[in-house]
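Residues are numbered in this note's numbering as their position in the sequence shown, beginning at 1, plus a constant of 781.
Comments concern the structure below.
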Amino acid sequence: MNKVYSMSDYQSSTADQSGPYTIALASGKGGVGKSFVASSLAICFARMSYRVCLIDLDFGSANIHTYLGMVPHGGGLTDFIKDRVTDINQLMLPSGINNLSIISGNNDSLDMANVTEDEYSKILAAIPKLSCDVVILDLGAGTGNSTLDSFASADLSLMTVTPEPTSIENAYRFLKSAFYRKLKVSEHNAGVQEIIEEAMDQQNQLNIRSPKDLLNYLNQNHMYNTQEFMRELESFELGIILNQVRSGRDIDVGKGVASISRNYFGIPVRYLGHVAHDNAVWQALRKKRPLLIDYPASPINNQFFAIAKLILGPKAKKAVV
Ligand SMILES: Nc1ncnc2c1ncn2[C@@H]1O[C@H](COP(=O)(O)OP(=O)(O)O)[C@@H](O)[C@H]1O
Ligand SMILES: [Mg+2]
């Protein structure tokens, strides 16, 4: 397996190298371009010679195949959940693009409401067994436990936001839920569930307004070893990609979101860059062809490659742009 560098490799060489490098893409709100970003990054990594597997976990509105110009088909994660396929590698479908496969969640009988947390966990547990270098998870919208867990357990957790108040609000809400979920399932957590539940109510009497406030409260009341949790958080690589940018002011919004999130959560959030709003996106969609393949003149190509290089670090020198 090619060694894949994560952002943390710059600071540490102790990153766990077992299984593929996993990137989860979330948005908090649907329709902001998460699947477009996921499929475009997947193409960039594949062109950078990584073997990439893109998994469509947006069961309710799975559409990764459309962004890659693939025809929908019957098989997918349902077969794995229902034990009709035991090796998850058998679900990998060639995309027609060198080095890029997809695993579809697409099945008429399957929507998010039908996938139990146990079934979802079964999928997550199988990901390290995938024979590839990089796995990208296109997560569903919303803050379900399974979505939050896949987000928090990835090597790199990415948020796609657009420069609109509703998208930004939902991104904060999502990050806050992910943070509290991580705290709840943390092994160092004993007896603080009730405080977390209370803190999640923005109007709570404890005057806890942010995750940082919550950690301070727990620390001051000697309820919790926040240092242990903070150490756990240090391995939480969080990045933001701003999509559908129309002006320079929009780019400032992206940087602002990253710095507010950093202050609010008390953990580093990296602004990875922006992707322009471009009519070529819907033109490509209408033709059912990948933008990065059929529209090489779009400025979006270079923007995605710049982000992809930031994510995969030194290895990006091999990139064919
Ligand atoms: N950079 C962009 N420029 C123009 N349109 C975009 C861009 N990104 C996404 N879109 C449009 O936004 C819509 C939603 O994108 P999609 O990736 O399917 O969203 P999500 O997966 O977040 O629900 C699509 O119709 C797509 O054409
Ligand atoms: Mg989508």
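From the three backbone atoms N, C-alpha and C, an ideal C-beta is built for every residue, glycine too.
Since the structure is predicted, the reported quantities are computational estimates derived from the model, not experimental observations.
Heavy atom of ligand 2 less than 8 Å from the Cβ of residue i, yes or no?
i	result
Lys815	yes
Ser821	no
Asn1044	no
Gly811	yes
Asp919	yes
Asp839	yes
Any heavy atom of ligand 1 inside 8 Å of the beta-carbon of residue i?
i	result
Leu1066	yes
Ile1081	yes
Ser885	no
Ser808	yes
Ala827	no
His846	no
Ser938	no
His854	no
Ser842	yes
Asp1075	no
Asn1002	no
Val973	no
Val1056	yes
Ala952	no
Asp1031	no
Val818	yes
Could you tell me if residue i is buried or exposed, where buried requires 16 or more neighbouring beta carbons within 10 angstroms of its beta carbon?
i	result
Val1056	buried
Met788	Because the pLDDT of Met788 is 36, which lies under 50, any placement of that residue in the model is unreliable, and the question is left without a value.
Asp982	exposed
Leu1053	buried
Pro992	buried
Asn1082	buried
Met1011	exposed
Ser1040	exposed
Asn1024	buried
Ala1078	exposed
Pro1071	buried
Val1102	Residue placement at Val1102 is flagged as unreliable, the pLDDT there being 31, under the threshold of 50; the coordinate-derived value follows with that caveat. So Val1102 ends up on the exposed side.
Gln1008	exposed
Asp839	buried
Pro944	buried
Asn880	buried
Thr859	buried
Lys1068	exposed
Pro801	buried
Val852	exposed
Gly812	exposed
His846	buried
Asp868	exposed
Thr897	exposed
Lys1036	exposed
Pull up the CB-CB distance for residue i and residue j, whole angstroms please, since I reckon it's below 8 Å.
i	j	result
Asp919	Arg832	With 8 Å as the limit, Asp919 and Arg832 do not qualify as a contact, their Cβ atoms being about 18 Å apart.
Tyr848	Ser816	6 Å
Arg1051	Gly1020	5 Å
Gln974	Lys963	At roughly 13 Å, the Cβ-Cβ gap does not stay under 8 Å, so Gln974 and Lys963 are not in contact.
Leu872	Ile884	5 Å
Leu764	Phe1085	Any answer about residue 764 is impossible in this case: the structure gives the chain only from 782 up to 1102.
Ser1042	Leu956	6 Å
Would you give the residue range spanned by the beta strand (DSSP E) that residue i belongs to?
i	result
Gly1020	Leu1019 to Val1026
Ile884	Leu881 to Ile884
Cys834	Val833 to Leu838
Met940	Leu937 to Val942
Ile1074	Not the beta strand (DSSP E): Ile1074 falls in the alpha helix (DSSP H), residues Leu1072 to Asp1075.
Leu905	Note, Leu905: premise wrong, no beta strand (DSSP E); alpha helix (DSSP H) at Glu898 to Ala907.
Leu1053	Val1050 to Ala1057
Ile1088	Element bounds for Ile1088: not the beta strand (DSSP E) but the alpha helix (DSSP H), Ile1081 to Leu1093.
Just reading off the alpha helix (DSSP H) that residue i is part of, what are its end residues?
i	result
Met829	Premise fails: Met829 is in no alpha helix (DSSP H) and is neither H nor E.
Gly989	Sequence inspection shows Ile at residue 989; the Gly mentioned does not correspond to that position. Ile989 -> no alpha helix (DSSP H), and no H or E assigned at all.
His846	Ile845 to Tyr848
Val966	Pro946 to Val966
Leu929	Asn926 to Ser934
Ala805	Where Ala805 is concerned, there is no enclosing alpha helix (DSSP H), although the beta strand (DSSP E) it sits in stretches over Tyr802 to Ala807.
Val1062	Ala1061 to Lys1068
Val1038	Gly1029 to Phe1046
Leu920	No alpha helix (DSSP H) holds Leu920; the beta strand (DSSP E) holding it covers Val915 to Leu920.
At least 3 beta-carbon pairs within less than 8 Å: the segment 949 to 967 vs the segment 814 to 828: no
Any contact of the segment 898 to 910 with the segment 921 to 941, i.e. 3+ C-beta pairs under 8 Å? yes
Touch test, the segment 797 to 814 against the segment 934 to 944, Cβ-Cβ under 8 Å, three pairs minimum: yes
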